[in-house]
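Asker: Residue numbers in the sequence shown follow my numbering, run continuously in steps of one, and reach 376 at the last position. Structure incoming, see below.
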Amino acid sequence: MQLELLKRICQKNNCTLMPCDYLQEDYLSSSLPLGVNRIQVTREMHTSGIAIFMPFTTQELFQMDGTYYGLNTVSGNMIMANRSRLKNPNGLILGTPGSGKFFSVKREILDSFLKTTDDIIICDPEGEYFPLVQHLHGQLIRIASNSEQYINPMDINFEGNLDDNPISTKSDFIISLCEIIVGGKYGLTAEKHSIIDRCVRNIYIEFFKNKPSKEKMPILSDLHKALVQEGEIALRVAYSLEMYVNGSQNLFNHRTNIDLNNHIICFDIKELGNQLKNAGMLIVQDNV
89 MQLELLKRIC QKNNCTLMPC DYLQEDYLSS SLPLGVNRIQ VTREMHTSGI AIFMPFTTQE
149 LFQMDGTYYG LNTVSGNMIM ANRSRLKNPN GLILGTPGSG KFFSVKREIL DSFLKTTDDI
209 IICDPEGEYF PLVQHLHGQL IRIASNSEQY INPMDINFEG NLDDNPISTK SDFIISLCEI
269 IVGGKYGLTA EKHSIIDRCV RNIYIEFFKN KPSKEKMPIL SDLHKALVQE GEIALRVAYS
329 LEMYVNGSQN LFNHRTNIDL NNHIICFDIK ELGNQLKNAG MLIVQDNV
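This is how it looks when you write it as structure tokens:
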């Protein structure tokens, strides 16, 4: 009975159990660490088993300071990787609904939080990560029409800026933002691009002249005022911006009042409407 049970267990794991009647002494001698094999045994191996021993077919990735990413499907060994040490540190997680994508990301976030001193910045469009961030005592930034936490899209870094021309970089960003907010189906024309660029440059040149500080940082209403003074074409852009400056969607017309000095930061943009979600993601990325 016991022998049959052992045979079934071995067969389940692709192993064959062979009885050694009248050969117990030879089998015992062969199993001892003497380097003597008195039993000539041959066995067949499945293709999957042989594939492990074939060169260049099984690639292992195991870095001691890495994060757990699952199991190698061929060898069954753990995959441990430090993405900052790889040739391409970017990552993309794909899977069917319910396959554990969010759980995998949360596990990587927790692993990085406990093992490294890296800054962890999350843009959360579905409100999935804020419970984890709260438990880790991170900074939760909720961006919504009824929130009192604000990000100013006109923010510019004037302390130790490594950019060769920060005004040109910011002008390019504001043009991209206006393209999303007021561009419509056909986008902005070249004339409107030039007018926005001129207004943005004038605003920041004036800002840097008068002892720049966070309290004097330009906001969207400053851009709106500059556009109103530029003529008929600029007025069309100004009227399109009216709702985002003085109207119901003016949540981006405030100076930044959030603290980004935290190990883990989560930008929750779940409650932004469809009209503002793309603009919100762009502003978060620029702020980061």
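Idealized CB from N, CA, C, for every residue including glycine.
1. Report the three-state DSSP secondary structure of M331 (helix, strand or coil).
2. Reducing DSSP to helix, strand and coil, say where C266 ends up.
3. Looking at the structure shown, is I283 part of a helix, part of a strand, or coil, going by DSSP?
4. Any chance you could list the alpha helix (DSSP H) runs of at least 4 consecutive residues sitting entirely within the segment 170-210, in chain order?
5. For A139, count neighbouring C-beta atoms within 10 Å of its own C-beta (all shown protein chains included) and say buried if the count is 16 or more, exposed if not.
6. Since Y156 sits in a beta bridge, which residues does DSSP pair it with?
7. Would you mind reading off the limits of the beta strand (DSSP E) that contains I229?
8. Taking 9 Å as the threshold (C-beta atoms), are I181 and S192 in contact?
9. Among residues of its own chain, excluding the 5 on either side of N366, which ones have a beta-carbon nearer than 8 Å to its beta-carbon?
10. Are I208 and S200 close, meaning C-beta to C-beta below 9 Å?
11. Give me the Cα-Cα distance between P219 and Q363, rounded to the nearest whole angstrom.
12. Could you name the residues of the same chain whose beta carbon sits closer than 8 Å to that of K189, not counting the 5 residues immediately before and after it, in chain order?
13. Please report the residue range of the beta strand (DSSP E) in which I352 lies.
14. Three or more C-beta pairs under 8 Å: does that hold for the segment 307-320 against the segment 270-288?
15. Where do the ends of the alpha helix (DSSP H) carrying H312 lie?
16. What does the alpha-carbon distance come out to for the pair A232 and L360?
17. For a minimum of 4 consecutive residues, which ranges assigned as the alpha helix (DSSP H) are wholly contained in the segment 91-141?
18. Would you kindly report the start and end of the unbroken alpha helix (DSSP H) that includes I371?
19. How long is the line joining the alpha carbons of V221 and H351, rounded to whole angstroms?
20. Which value, in whole angstroms, describes the spacing of the CA atoms of C266 and T155?
21. Pick from N101, M168 and F295: whose alpha carbon is nearest that of K203?
22. So what does DSSP say about D212, is it helix, strand or coil?
23. Return the first residue and the last residue of the alpha helix (DSSP H) that Q222 is part of.
24. Hey, V270 and V325: beta-carbon distance below 9 Å or not?
25. Just the C-alpha distance for S301 and T257, rounded to the nearest angstrom, thanks.
26. Examine the Cβ distances between the segment 339-353 and the segment 232-244 and report whether three or more of them are shorter than 8 Å.
27. If you draw a straight line from the C-alpha of L94 to the C-alpha of D212, how long is it?
Answerer: To lay it out plainly:
1. On the sequence shown, residue 331 is found 243 positions in, with the first residue counted as 1. If DSSP states are grouped into helix, strand and coil, M331 belongs with the helices.
2. Here residue 266 refers to the residue found at position 178 when the sequence shown is read from its first residue. The answer is helix: DSSP assigns C266 an H, G or I state.
3. By 1-based counting over the sequence shown, the position of residue 283 is 195. DSSP places I283 in helix when its eight states are reduced to three.
4. 189-203
5. Here residue 139 refers to the residue found at position 51 when the sequence shown is read from its first residue. A139 should be labelled exposed.
6. Counting from one through the sequence shown, the residue named residue 156 turns up at place 68. Note: Y156 sits in a beta bridge opposite M168.
7. Counted from its first residue, the sequence shown places residue 229 at position 141. Its beta strand (DSSP E) spans residues Q227 to R230.
8. Locating residue 192 in the sequence shown gives position 104, counting from the first residue. Locating residue 181 in the sequence shown gives position 93, counting from the first residue. A contact, by the Cβ cut-off of 9 Å.
9. Here the question's residue 366 lines up with position 278 in the sequence shown. Cβ within range, chain order: I268.
10. Taking the sequence shown and counting its residues from 1, the one referred to as residue 208 is at position 120. Taking the sequence shown and counting its residues from 1, the one referred to as residue 200 is at position 112. In this structure, S200 lies closer than 9 Å to I208 by Cβ.
11. On the sequence shown, position 131 is the one that residue 219 refers to. On the sequence shown, position 275 is the one that residue 363 refers to. Cα to Cα, P219 sits roughly 26 Å from Q363.
12. If you number the sequence shown from 1, residue 189 lands on position 101. Around K189: I181, L182 and G183.
13. In the sequence shown, counting from the first residue as 1, residue 352 sits at position 264. I352 to D356 is the extent of the beta strand (DSSP E) around I352.
14. yes
15. Mapped onto the sequence shown, residue 312 falls at position 224. Segment L308 to V316, the alpha helix (DSSP H) holding H312.
16. In the sequence shown, counting from the first residue as 1, residue 232 sits at position 144. In the sequence shown, counting from the first residue as 1, residue 360 sits at position 272. The straight-line gap from Cα to Cα measures roughly 5 Å.
17. 112-119 and 135-139
18. Here residue 371 refers to the residue found at position 283 of the sequence shown. It spans N362 to N375 - the alpha helix (DSSP H) in which I371 sits, taken as one unbroken run.
19. Indexing the sequence shown from 1 puts residue 221 at position 133. Indexing the sequence shown from 1 puts residue 351 at position 263. The straight-line gap from Cα to Cα measures roughly 10 Å.
20. As a first step, residue 266 must be located in the sequence shown, where it is residue number 178. As a first step, residue 155 must be located in the sequence shown, where it is residue number 67. If I take the Cα positions, the gap works out to 40 Å.
21. Position 115 of the sequence shown, counted from the first residue, corresponds to residue 203. That would be M168, whose Cα lies nearest to the Cα of K203.
22. Start at 1 with the first residue of the sequence shown, and residue 212 comes out as number 124. Residue state, collapsed to three classes: strand.
23. The count along the sequence shown starts at 1 and reaches residue 222 at position 134. Taken as a continuous stretch (DSSP letters only), the alpha helix (DSSP H) holding Q222 covers F218 to H223.
24. On the sequence shown, position 182 is the one that residue 270 refers to. On the sequence shown, position 237 is the one that residue 325 refers to. Yes; because the gap between Cβ atoms is below 9 Å, this pair is in contact.
25. Residue 301 sits at position 213 when you count from the first residue of the sequence shown. Residue 257 sits at position 169 when you count from the first residue of the sequence shown. Each residue's Cα considered, the two are about 19 Å apart.
26. yes
27. Translated into the one-based positions of the sequence shown, residue 94 becomes position 6. Translated into the one-based positions of the sequence shown, residue 212 becomes position 124. Their Cα atoms are separated by approximately 52 Å.
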